[in-house]
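Undergrad: Residue numbers (full-length UniProt numbering): 1 to 323.
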(Lines of atoms letter the chains of each structure in order from A; the text may use other names.)
(Lines give C-alpha, C1' and ligand atoms only; values in the text may rest on other atoms or scores of the structure.)
Protein backbone atom coordinates (compact mmCIF):
# COMPACT_ATOMS: atom_id res chain seq x y z
CA UNK A 1 0.00 0.00 0.00
CA UNK A 2 1.30 3.48 -0.85
CA UNK A 3 1.31 5.94 2.05
CA UNK A 4 2.71 9.33 3.00
CA UNK A 5 3.04 10.32 -0.65
CA UNK A 6 2.04 13.63 -2.24
CA UNK A 7 -0.10 12.67 -5.23
CA UNK A 8 -1.43 14.74 -8.12
CA UNK A 9 -4.41 13.44 -10.11
CA UNK A 10 -5.95 15.01 -13.20
CA UNK A 11 -9.41 14.14 -14.46
CA UNK A 12 -10.55 13.24 -10.95
CA UNK A 13 -14.14 14.28 -11.58
CA UNK A 14 -14.57 11.34 -13.96
CA UNK A 15 -15.28 7.64 -13.91
CA UNK A 16 -11.70 6.39 -13.71
CA UNK A 17 -9.73 8.76 -11.50
CA UNK A 18 -12.26 9.78 -8.87
CA UNK A 19 -12.27 6.48 -6.93
CA UNK A 20 -8.48 6.40 -7.13
CA UNK A 21 -8.30 9.86 -5.57
CA UNK A 22 -10.76 9.05 -2.82
CA UNK A 23 -9.05 5.80 -1.85
CA UNK A 24 -5.50 7.12 -1.96
CA UNK A 25 -6.50 10.16 0.11
CA UNK A 26 -6.93 7.86 3.12
CA UNK A 27 -3.16 7.47 3.54
CA UNK A 28 -1.68 10.22 1.37
CA UNK A 29 -1.86 13.91 0.52
CA UNK A 30 -3.89 14.03 -2.70
CA UNK A 31 -4.42 17.01 -5.01
CA UNK A 32 -6.89 16.93 -7.90
CA UNK A 33 -6.84 19.10 -11.00
CA UNK A 34 -9.99 19.72 -13.05
CA UNK A 35 -12.25 22.46 -14.33
CA UNK A 36 -14.77 21.49 -11.61
CA UNK A 37 -17.81 22.56 -13.60
CA UNK A 38 -19.95 20.69 -11.04
CA UNK A 39 -19.47 22.32 -7.62
CA UNK A 40 -21.00 19.29 -5.89
CA UNK A 41 -18.19 17.03 -7.13
CA UNK A 42 -15.57 19.47 -5.94
CA UNK A 43 -17.25 19.65 -2.53
CA UNK A 44 -17.37 15.86 -2.32
CA UNK A 45 -13.65 15.56 -3.08
CA UNK A 46 -12.84 18.24 -0.52
CA UNK A 47 -14.92 16.37 2.07
CA UNK A 48 -12.73 13.31 1.40
CA UNK A 49 -9.66 15.31 2.42
CA UNK A 50 -8.54 16.09 -1.14
CA UNK A 51 -7.10 19.46 -2.17
CA UNK A 52 -8.74 20.70 -5.37
CA UNK A 53 -7.08 23.02 -7.88
CA UNK A 54 -8.87 24.50 -10.88
CA UNK A 55 -7.10 23.78 -14.17
CA UNK A 56 -8.25 24.18 -17.75
CA UNK A 57 -6.08 22.02 -20.00
CA UNK A 58 -6.45 24.59 -22.76
CA UNK A 59 -5.23 27.37 -20.48
CA UNK A 60 -1.76 28.92 -20.55
CA UNK A 61 -0.35 27.49 -17.30
CA UNK A 62 -0.92 25.57 -14.07
CA UNK A 63 -1.26 28.64 -11.88
CA UNK A 64 0.23 28.39 -8.39
CA UNK A 65 0.23 24.60 -8.29
CA UNK A 66 3.06 23.15 -6.12
CA UNK A 67 5.77 21.17 -7.92
CA UNK A 68 6.80 18.74 -5.17
CA UNK A 69 4.47 15.84 -5.99
CA UNK A 70 5.93 12.36 -5.60
CA UNK A 71 3.41 10.59 -7.86
CA UNK A 72 1.18 11.74 -10.73
CA UNK A 73 -1.86 10.14 -12.38
CA UNK A 74 -2.87 11.94 -15.57
CA UNK A 75 -6.25 10.86 -16.92
CA UNK A 76 -7.71 14.19 -18.06
CA UNK A 77 -8.41 14.64 -21.74
CA UNK A 78 -9.68 17.60 -23.73
CA UNK A 79 -12.41 16.30 -26.04
CA UNK A 80 -12.84 18.00 -29.40
CA UNK A 81 -15.10 15.75 -31.45
CA UNK A 82 -14.57 17.40 -34.85
CA UNK A 83 -11.27 19.28 -34.65
CA UNK A 84 -8.26 16.95 -34.69
CA UNK A 85 -5.77 19.81 -34.84
CA UNK A 86 -7.14 21.53 -31.74
CA UNK A 87 -7.41 18.24 -29.84
CA UNK A 88 -3.76 17.44 -30.56
CA UNK A 89 -2.57 20.93 -29.68
CA UNK A 90 -4.40 21.08 -26.35
CA UNK A 91 -3.73 17.53 -25.15
CA UNK A 92 -0.07 17.32 -26.17
CA UNK A 93 0.75 20.76 -24.79
CA UNK A 94 -1.05 20.02 -21.52
CA UNK A 95 0.86 16.74 -21.15
CA UNK A 96 4.21 18.42 -21.74
CA UNK A 97 3.39 21.28 -19.36
CA UNK A 98 2.26 18.90 -16.59
CA UNK A 99 5.25 16.55 -16.94
CA UNK A 100 7.69 19.46 -16.92
CA UNK A 101 6.03 20.92 -13.82
CA UNK A 102 6.26 17.52 -12.07
CA UNK A 103 9.66 16.53 -13.46
CA UNK A 104 10.99 15.59 -10.00
CA UNK A 105 8.22 13.07 -9.27
CA UNK A 106 9.12 9.47 -8.50
CA UNK A 107 6.59 8.14 -11.01
CA UNK A 108 4.16 9.46 -13.64
CA UNK A 109 1.19 7.44 -14.91
CA UNK A 110 -0.47 8.52 -18.15
CA UNK A 111 -3.80 7.01 -19.18
CA UNK A 112 -3.95 6.30 -22.90
CA UNK A 113 -6.67 4.35 -24.73
CA UNK A 114 -7.17 1.08 -26.62
CA UNK A 115 -8.66 2.93 -29.61
CA UNK A 116 -5.18 3.83 -30.87
CA UNK A 117 -4.63 0.24 -32.08
CA UNK A 118 -5.06 -0.60 -35.73
CA UNK A 119 -8.24 -2.64 -35.97
CA UNK A 120 -7.62 -6.31 -36.72
CA UNK A 121 -10.02 -9.28 -36.67
CA UNK A 122 -12.86 -8.47 -34.24
CA UNK A 123 -11.73 -11.06 -31.69
CA UNK A 124 -8.01 -10.27 -31.99
CA UNK A 125 -6.28 -9.85 -28.62
CA UNK A 126 -4.05 -6.82 -29.14
CA UNK A 127 -0.55 -6.82 -27.67
CA UNK A 128 1.40 -3.68 -26.82
CA UNK A 129 3.61 -4.28 -29.86
CA UNK A 130 0.70 -4.44 -32.34
CA UNK A 131 0.38 -1.75 -35.04
CA UNK A 132 -1.14 1.62 -34.12
CA UNK A 133 -3.00 3.95 -36.43
CA UNK A 134 -5.29 6.31 -34.52
CA UNK A 135 -8.06 5.74 -37.07
CA UNK A 136 -10.84 4.88 -34.63
CA UNK A 137 -13.95 5.87 -36.53
CA UNK A 138 -16.36 6.66 -33.72
CA UNK A 139 -14.54 9.75 -32.37
CA UNK A 140 -11.66 10.52 -34.75
CA UNK A 141 -10.28 13.60 -32.98
CA UNK A 142 -10.26 11.81 -29.63
CA UNK A 143 -8.38 8.83 -31.02
CA UNK A 144 -5.87 10.89 -33.00
CA UNK A 145 -5.14 13.10 -30.00
CA UNK A 146 -4.73 10.07 -27.74
CA UNK A 147 -2.11 8.66 -30.09
CA UNK A 148 -0.35 12.00 -30.44
CA UNK A 149 -0.35 12.60 -26.69
CA UNK A 150 1.13 9.17 -26.05
CA UNK A 151 4.00 10.19 -28.31
CA UNK A 152 4.44 13.45 -26.41
CA UNK A 153 4.47 11.62 -23.07
CA UNK A 154 7.14 9.22 -24.33
CA UNK A 155 9.27 12.15 -25.48
CA UNK A 156 8.97 14.13 -22.25
CA UNK A 157 9.66 11.02 -20.15
CA UNK A 158 12.97 10.62 -21.99
CA UNK A 159 13.93 14.30 -22.10
CA UNK A 160 13.07 14.94 -18.44
CA UNK A 161 14.25 11.58 -17.13
CA UNK A 162 10.82 11.17 -15.52
CA UNK A 163 9.92 7.49 -14.77
CA UNK A 164 6.64 6.96 -16.64
CA UNK A 165 4.03 4.31 -17.29
CA UNK A 166 1.62 4.63 -20.24
CA UNK A 167 -1.45 2.47 -19.59
CA UNK A 168 -3.83 1.91 -22.50
CA UNK A 169 -7.28 1.80 -20.92
CA UNK A 170 -9.91 -0.56 -22.28
CA UNK A 171 -13.49 -0.30 -20.93
CA UNK A 172 -13.71 1.16 -17.43
CA UNK A 173 -16.96 0.86 -15.51
CA UNK A 174 -18.12 1.05 -11.92
CA UNK A 175 -20.25 2.88 -9.34
CA UNK A 176 -18.63 6.27 -9.95
CA UNK A 177 -19.09 9.05 -12.48
CA UNK A 178 -21.50 8.03 -15.22
CA UNK A 179 -20.98 4.31 -14.62
CA UNK A 180 -19.54 3.32 -17.98
CA UNK A 181 -20.94 1.35 -20.91
CA UNK A 182 -23.29 -0.94 -18.89
CA UNK A 183 -25.13 2.05 -17.40
CA UNK A 184 -25.07 4.04 -20.63
CA UNK A 185 -26.69 1.20 -22.54
CA UNK A 186 -29.09 0.30 -19.73
CA UNK A 187 -30.54 3.81 -20.08
CA UNK A 188 -31.21 3.02 -23.75
CA UNK A 189 -32.89 -0.24 -22.80
CA UNK A 190 -35.08 1.49 -20.20
CA UNK A 191 -36.32 3.85 -22.91
CA UNK A 192 -37.40 0.83 -24.95
CA UNK A 193 -34.86 1.55 -27.67
CA UNK A 194 -32.42 -0.82 -29.36
CA UNK A 195 -28.72 -0.89 -28.46
CA UNK A 196 -26.68 -0.08 -31.55
CA UNK A 197 -24.06 -2.62 -32.65
CA UNK A 198 -21.88 -2.78 -35.79
CA UNK A 199 -23.57 -4.58 -38.69
CA UNK A 200 -20.79 -6.98 -39.67
CA UNK A 201 -18.90 -7.64 -36.42
CA UNK A 202 -19.17 -7.31 -32.65
CA UNK A 203 -17.04 -5.10 -30.45
CA UNK A 204 -14.90 -7.09 -28.03
CA UNK A 205 -13.67 -5.49 -24.83
CA UNK A 206 -11.92 -6.11 -21.51
CA UNK A 207 -14.17 -4.50 -18.87
CA UNK A 208 -12.32 -3.39 -15.74
CA UNK A 209 -14.05 -2.30 -12.53
CA UNK A 210 -13.00 1.00 -10.97
CA UNK A 211 -12.09 -0.85 -7.76
CA UNK A 212 -9.48 -2.85 -9.69
CA UNK A 213 -8.30 0.35 -11.36
CA UNK A 214 -7.76 1.97 -7.97
CA UNK A 215 -5.97 -1.13 -6.71
CA UNK A 216 -3.58 -1.21 -9.67
CA UNK A 217 -2.57 2.46 -9.87
CA UNK A 218 0.19 2.17 -7.22
CA UNK A 219 1.44 -0.97 -8.96
CA UNK A 220 1.68 0.88 -12.27
CA UNK A 221 3.68 3.61 -10.55
CA UNK A 222 6.08 0.96 -9.28
CA UNK A 223 6.92 -0.18 -12.82
CA UNK A 224 7.38 3.34 -14.24
CA UNK A 225 10.62 3.74 -16.19
CA UNK A 226 12.50 5.69 -18.83
CA UNK A 227 11.87 4.99 -21.63
CA UNK A 228 8.24 4.76 -20.58
CA UNK A 229 6.71 1.40 -19.69
CA UNK A 230 3.75 0.74 -22.03
CA UNK A 231 1.05 -1.68 -20.92
CA UNK A 232 -2.51 -2.62 -21.82
CA UNK A 233 -4.94 -1.83 -18.99
CA UNK A 234 -8.16 -3.80 -18.93
CA UNK A 235 -9.95 -6.59 -17.12
CA UNK A 236 -9.06 -10.27 -17.21
CA UNK A 237 -11.96 -11.36 -19.42
CA UNK A 238 -12.48 -10.66 -23.11
CA UNK A 239 -16.21 -10.35 -23.78
CA UNK A 240 -18.40 -8.93 -26.51
CA UNK A 241 -20.54 -5.84 -26.16
CA UNK A 242 -23.61 -8.01 -26.79
CA UNK A 243 -22.61 -10.49 -24.09
CA UNK A 244 -22.12 -7.75 -21.53
CA UNK A 245 -25.49 -6.15 -22.21
CA UNK A 246 -27.32 -9.48 -22.36
CA UNK A 247 -25.97 -10.05 -18.84
CA UNK A 248 -27.41 -6.66 -17.80
CA UNK A 249 -30.77 -7.69 -19.27
CA UNK A 250 -30.68 -11.03 -17.44
CA UNK A 251 -29.97 -9.55 -14.00
CA UNK A 252 -32.44 -6.67 -14.32
CA UNK A 253 -35.26 -8.22 -16.31
CA UNK A 254 -35.14 -5.25 -18.71
CA UNK A 255 -35.63 -6.54 -22.28
CA UNK A 256 -32.88 -5.87 -24.78
CA UNK A 257 -32.88 -5.66 -28.54
CA UNK A 258 -29.97 -4.88 -30.84
CA UNK A 259 -30.01 -2.96 -34.10
CA UNK A 260 -27.26 -2.35 -36.65
CA UNK A 261 -25.94 1.16 -36.53
CA UNK A 262 -23.01 3.33 -35.60
CA UNK A 263 -21.61 2.16 -32.29
CA UNK A 264 -21.08 4.94 -29.71
CA UNK A 265 -17.55 3.60 -29.19
CA UNK A 266 -15.07 1.18 -30.72
CA UNK A 267 -13.53 -1.31 -28.31
CA UNK A 268 -10.81 -3.93 -28.66
CA UNK A 269 -9.67 -7.12 -27.01
CA UNK A 270 -6.33 -7.23 -25.21
CA UNK A 271 -3.60 -9.75 -24.64
CA UNK A 272 -3.10 -9.34 -20.88
CA UNK A 273 0.26 -11.10 -20.60
CA UNK A 274 2.35 -7.99 -19.94
CA UNK A 275 -0.12 -6.44 -17.49
CA UNK A 276 -0.34 -9.66 -15.47
CA UNK A 277 3.45 -9.92 -15.39
CA UNK A 278 3.77 -6.34 -14.16
CA UNK A 279 0.89 -5.88 -11.70
CA UNK A 280 -0.99 -9.18 -11.43
CA UNK A 281 -4.58 -10.17 -12.13
CA UNK A 282 -7.79 -8.32 -11.41
CA UNK A 283 -9.85 -9.29 -8.38
CA UNK A 284 -13.37 -8.54 -9.65
CA UNK A 285 -15.00 -10.63 -12.37
CA UNK A 286 -16.85 -8.66 -15.00
CA UNK A 287 -20.17 -10.32 -14.20
CA UNK A 288 -19.98 -9.48 -10.49
CA UNK A 289 -18.65 -6.02 -11.24
CA UNK A 290 -21.41 -5.18 -13.72
CA UNK A 291 -24.02 -6.42 -11.24
CA UNK A 292 -22.48 -4.24 -8.52
CA UNK A 293 -22.51 -1.22 -10.82
CA UNK A 294 -26.13 -1.68 -11.91
CA UNK A 295 -27.18 -2.15 -8.27
CA UNK A 296 -25.55 1.18 -7.41
CA UNK A 297 -27.27 3.20 -10.13
CA UNK A 298 -30.53 1.24 -10.26
CA UNK A 299 -31.17 -0.48 -6.90
CA UNK A 300 -34.80 -0.89 -7.91
CA UNK A 301 -33.74 -3.33 -10.64
CA UNK A 302 -31.48 -5.62 -8.60
CA UNK A 303 -32.84 -7.77 -5.79
CA UNK A 304 -30.92 -7.14 -2.54
CA UNK A 305 -29.73 -10.75 -2.18
CA UNK A 306 -28.02 -10.64 -5.59
CA UNK A 307 -25.95 -7.53 -4.92
CA UNK A 308 -22.19 -7.79 -4.53
CA UNK A 309 -21.12 -6.36 -1.17
CA UNK A 310 -17.37 -6.98 -1.14
CA UNK A 311 -15.99 -4.83 -3.95
CA UNK A 312 -14.33 -2.10 -1.89
CA UNK A 313 -10.80 -1.56 -3.14
CA UNK A 314 -7.61 -0.96 -1.21
CA UNK A 315 -4.40 0.05 -2.98
CA UNK A 316 -1.66 -2.53 -2.63
CA UNK A 317 2.02 -2.88 -3.31
CA UNK A 318 3.26 -5.16 -6.08
CA UNK A 319 4.57 -7.70 -3.57
CA UNK A 320 1.07 -8.00 -2.07
CA UNK A 321 -0.78 -8.29 -5.40
CA UNK A 322 -2.33 -11.69 -5.93
CA UNK A 323 -1.04 -13.46 -9.01
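By construction, the Cβ of each residue, glycine as well, lies at the ideal position given by its N, Cα and C atoms.
As the structure is a computational prediction, the values presented were derived from the model and not from experiment.
1) With a threshold of 8 Å on Cβ separation, who are the neighbours of residue 68 within its own chain once the five nearest residues in sequence on each side are excluded?
2) For residue 309, collect the residues of the same chain with a Cβ closer than 7 Å to its Cβ; drop the 5 residues on either side in sequence, then sort them by chain order.
3) Can you tell me where the alpha helix (DSSP H) holding residue 91 begins and where it ends?
4) Excluding the five sequence neighbours on either side, which residues of its own chain have a C-beta within less than 8 Å of the C-beta of residue 225, listed in chain order?
5) For residue 25 and residue 50, I'd like the C-alpha separation in whole angstroms.
6) Give the straight-line distance between the Cα atoms of residue 65 and residue 39, rounded to the nearest whole angstrom.
7) In whole angstroms, what is the alpha-carbon distance linking residue 292 and residue 298?
8) Three or more C-beta pairs closer than 8 Å, one from the region 182 to 190 and one from the region 122 to 129: is that the case here?
9) For residue 204, count neighbouring Cβ atoms within 10 angstroms of its own Cβ and tell me buried if that reaches 16, exposed if not.
10) Going by DSSP, what residue range makes up the beta strand (DSSP E) through residue 129?
11) Using 8 Å as the cut-off, can you tell me whether the region 268 to 286 makes contact with the region 232 to 243, which would need three or more C-beta pairs spanning the two stretches below that distance?
12) By how many angstroms is the C-alpha of residue 93 removed from the C-alpha of residue 244?
13) Please report the distance separating the alpha-carbon of residue 167 from that of residue 221.
14) Quick one: grab the DSSP three-state call for residue 251.
15) Grab me the residues of residue 296's own chain with a C-beta within less than 6 Å of its C-beta, minus the 5 sequence neighbours each way, in chain order.
16) Got a sec, what are the start and stop residues for the beta strand (DSSP E) residue 158 sits in?
17) Quick one: what's residue 18 bridged to in DSSP?
18) If you run the structure through DSSP and keep just helix, strand and coil, what is residue 190?
TA: Well, looking at it:
1) For residue 68, where only same-chain residues beyond five positions count, the Cβ hits under 8 Å are 6, 104.
2) With a pLDDT of only 43 at residue 309, under 50, the local geometry of the prediction cannot be trusted, and the value read off the model is given with reservation. Nothing meets the Cβ criterion.
3) First-last of the alpha helix (DSSP H) with residue 91: 84 to 101.
4) If the five residues before and after residue 225 are omitted, its C-beta is found closer than 8 Å to the C-beta atoms of 163, 164, 165, all from its own chain and listed in chain order.
5) Across the structure, residue 25 and residue 50 are spaced so that their CA atoms are roughly 6 Å apart.
6) Distance between the alpha carbons of residue 65 and residue 39 is about 20 Å.
7) Taking the straight line joining both Cα atoms gives about 10 Å.
8) No, because fewer than three Cβ pairs between the region 182 to 190 and the region 122 to 129 fall closer than 8 Å, the two stretches do not touch.
9) Around the beta-carbon of residue 204, 16 or more other beta-carbon atoms lie within 10 Å, marking it buried.
10) Per DSSP, residue 129 lies in no beta strand (DSSP E) segment and is marked neither H nor E.
11) The region 268 to 286 is in contact with the region 232 to 243.
12) Taking the straight line joining both Cα atoms gives about 37 Å.
13) C-alpha separation (whole angstroms): 10 Å.
14) Helix at residue 251.
15) Closer than 6 Å at the Cβ level, and outside the excluded window around residue 296, lie 175.
16) Segment 140 to 160 is the alpha helix (DSSP H) holding residue 158; no beta strand (DSSP E) there.
17) DSSP lists no partner for residue 18.
18) In the structure shown, the three-state DSSP call for residue 190 is helix.
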